Each structure stands twice: as structure tokens, then as C-alpha cells.
Amino acid sequence: MKKTYKYYILNIVTAIVVTMFFSCKDNFKAVQKMGISENEPIGIAENINLVHTDSGKVKAILLSPKMLNYQNRDFPFFEFPNGITLDLLDDDNNKNVVVADYAINYSETKLIDLQGNVKITTSTNDTLYAEQLFYDQEKEWLFTNKPVTFITGLDVINGNGFDSNKNFTNAVVLEVTGTITLDE
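Reminder that position 85 of the sequence shown reads as 84 in numbering that gives the first Met the number 0, one-by-one numbering, no gaps.
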């Protein structure tokens, strides 16, 4: 009888231990987030001067007074609430300059949302003005469906929308509302 009693106790303890073992979860991410509000950035950087190089050549220089890191979100992003200035250099060191009052870089979709007095000046002095412009980093494509003004050569083109590759070699103003050709 003593042996049977020990046998039951051993079975109960074994069942509890096995149940506890299989009920444990990997909550490492939840533990990391403890004490961090999802509405707050996990990092704040000020006076950003980021230089991106590839094979020893400078490809981009990003300047911004402030960057907020929201990589703790389900849809992570970097926010630049005080705007950016971005110099993009090609292999021949031709520089395109992007300026915006506000920007968000979405990490997962590789999409950059530029807002407020967006201005892009190319190395050939073509200039695009928009209130909002998106840049798809994977496709290297610029686009918007908001009003734009595009100055190229002697033409000033106004429209509602814009599509172009990053080099502006096939820039198209959509829904053109007016074109002005300037005399030299």
C-alpha cells in the first residue's frame, strides 16, 4: 500500500511538472517592452549627421535636428519631426538635394514619407516642389498624388501628381493643370 501511495504522488508531481513545462512561453519581447510605452520612442537622437557610403564612396548625407526611433512598434518607423536635408550623390558625385519639413521612414515597407514644403533640386537644376512626396527605396521611385510644381529647363509645370525614378530621367507630372515656358 505504501508503494501505491508513493506511485500516485510521483505521477501527480510528474503531471504538474510536465504541465508547467509545456505552459511556459517565450515572452522575451513582452519583457523587453515592460516599462516602455508603445507611444513613446525607444530612442531620440539630436543633430543627426549621417553619412552613408558604399564601396568607399559617399552616397548620401542626411542632416536633421531630431530623429525619433519607434522600432518598438508593430509597424516600426523613424520619425524626423523637425525636417530633413538629404544630399544624394551618384557615382560621378552629382548631387541631388531633398529638403522637407517632416519625414517618416517606414522600416518594413522601405517607404519614406516626406511632408511640408518638400523641395528636390537635381544636379541639372530641375526642381520639384510638393506638399507631400513618397520615395520607395526598393524600387527607387518617387511619387505623389498631391499638387506639384516641376521646373525643368525653361518649363514650369503644375499638376496633381508626380512619378519619377530617383534620377528624374523619366519624370512625369500627372494631371497637368498648367505649363509656363520662360524666355531666356
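Backbone N, C-alpha and C define an ideal beta-carbon position, used for all residues, glycine too. These figures come from a predicted structure and were not determined experimentally.
Excluding sequence positions up to five before and after P80, its CB lies within less than 8 Å of the CB of K65, L67, Y101, all in the same chain and listed in chain order.
Bounds of the beta strand (DSSP E) holding I179 are 175-180.
Residue burial annotation: G82 is buried, with at least 16 other C-beta atoms found within 10 angstroms of its C-beta. Residue environment: S54 is assigned as exposed (fewer than 16 neighbouring CB atoms within 10 Å of its CB, all protein chains considered).
When rounded, the separation of the alpha-carbon atoms in T13 and L113 is 60 Å. T84 sits in a strand when the DSSP states are folded into three classes. Per DSSP, S163 is one residue of the beta strand (DSSP E) stretching across 154-164.
Cβ atoms of V155 and V172 stay farther apart than 8 Å, at about 10 Å. A distance below 7 Å between beta-carbons, with the five flanking residues on each side excluded, links E174 to the following residues of its chain, in chain order: G158, N159, G160. Linking E45 to S63 through their CA atoms gives a straight-line distance of about 8 Å. Secondary structure note for P146: its beta strand (DSSP E) is the uninterrupted segment 140-151.
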